[in-house]
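Asker:
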Amino acid sequence: MNYIKRIEKIINEQNGTLLSSDLDEYNIPRTYLSMMVAEGKIEKIGRGIYALPDALEDEMYIMQKKYPNLIYSHETTLFFHEISDRTPFEYSVTVPSGYKVVDTINERFNIYYIKRDLHLMGVTELETTLGNTIRIYNLERTICDLLRSRNRIDIQIFSDALKRVVKKKHLDYVLLSEYARKLNVENILNTYMEVLL
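Residue 172 in the numbering used here is what sits at position 32 of the sequence shown, and the numbering runs on without skipping anything.
Next up, the structure:
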């Protein structure tokens, strides 16, 4: 299979989006991307980001693929877990402490920091509306993150989310307690749960 065909196969497997770094895994020279752009087979939509001409841009997928330390969290995760009706105006992400956030992320995202050893706790995967897989925190971790960051979050979103979460039947309270202990919000969680239950 020639390089062009392999690139077309890769981009189709990724729902029309490709990073130039994806070619490294297959030992395909990046010069083929420029050739394909010149031929109109793909479009360059950002630095190192390419897409099929008719593909919709999946910003969440592209940003996480380009910056793998980003984990979608807080208000963004509430929306994906169907706890909030509000479509996030800007995405919220959590990164490990000490991670250097580039301007492109800083301008478009709410950034939260967490100790490196807690960064991957509660990570799960789901598909975006465009069919690409992204990493987000599970519901139990999200609740604890909201409690940790309650001063940065709209109080209405926060209280509505907690009320809706309590009504969910599939909430794992053992896991929630474990996360609350590790994230140092156990007392706050207990206070809220006593009021809501």
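Cβ atoms here follow ideal geometry from the backbone N, Cα and C, with glycine treated the same way.
Please report how far the alpha carbon of Met176 lies from the alpha carbon of Ala195, in whole angstroms.
Answerer: 15 Å
Asker: Under 8 Å, do Thr264 and Asn278 count as touching if we go by C-beta distance?
Answerer: yes
Asker: Classify Lys235 as buried or exposed, calling it buried when 16 or more other Cβ atoms lie within 10 Å of its own Cβ.
Answerer: One point to set straight first is that residue 235 is Val, not Lys, in the sequence displayed. With 16 or more Cβ atoms within 10 Å of its Cβ, Val235 is classed as buried.
Asker: Buried or exposed: where does Leu311 fall if 16 or more other Cβ atoms within 10 Å of its Cβ makes it buried?
Answerer: exposed
Asker: What are the uninterrupted segments assigned as beta strand (DSSP E) that are 3 or more residues long and contained completely in the segment 149-174, given in chain order?
Answerer: With a minimum length of 3 residues, the continuous beta strand (DSSP E) runs that stay inside the segment 149-174 are 157-159.
Asker: Under a three-way DSSP split, which group does Val242 fall into?
Answerer: Three-state result, Val242: coil.
Asker: Could you pull the start and end residues of the beta strand (DSSP E) that Phe249 belongs to?
Answerer: For Phe249, the uninterrupted beta strand (DSSP E) run begins and ends at Phe249 to Ile254, by DSSP.
Asker: Tell me whether the beta-carbon of Tyr252 lies closer than 8 Å to the beta-carbon of Ser299.
Answerer: no
Asker: Go through its chain and collect everything with a Cβ distance to Arg290's Cβ below 7 Å, but skip five positions before and after it.
Answerer: Phe298
Asker: To which residues does DSSP link Ser232 through a beta bridge?
Answerer: Answer by DSSP bridge pairing, in chain order: Asn250.
Asker: For Tyr319, which three-state DSSP category applies?
Answerer: In the displayed model, Tyr319 falls within a helix according to three-state DSSP.
Asker: What is the DSSP secondary structure of Ala301, reduced to helix, strand or coil?
Answerer: helix
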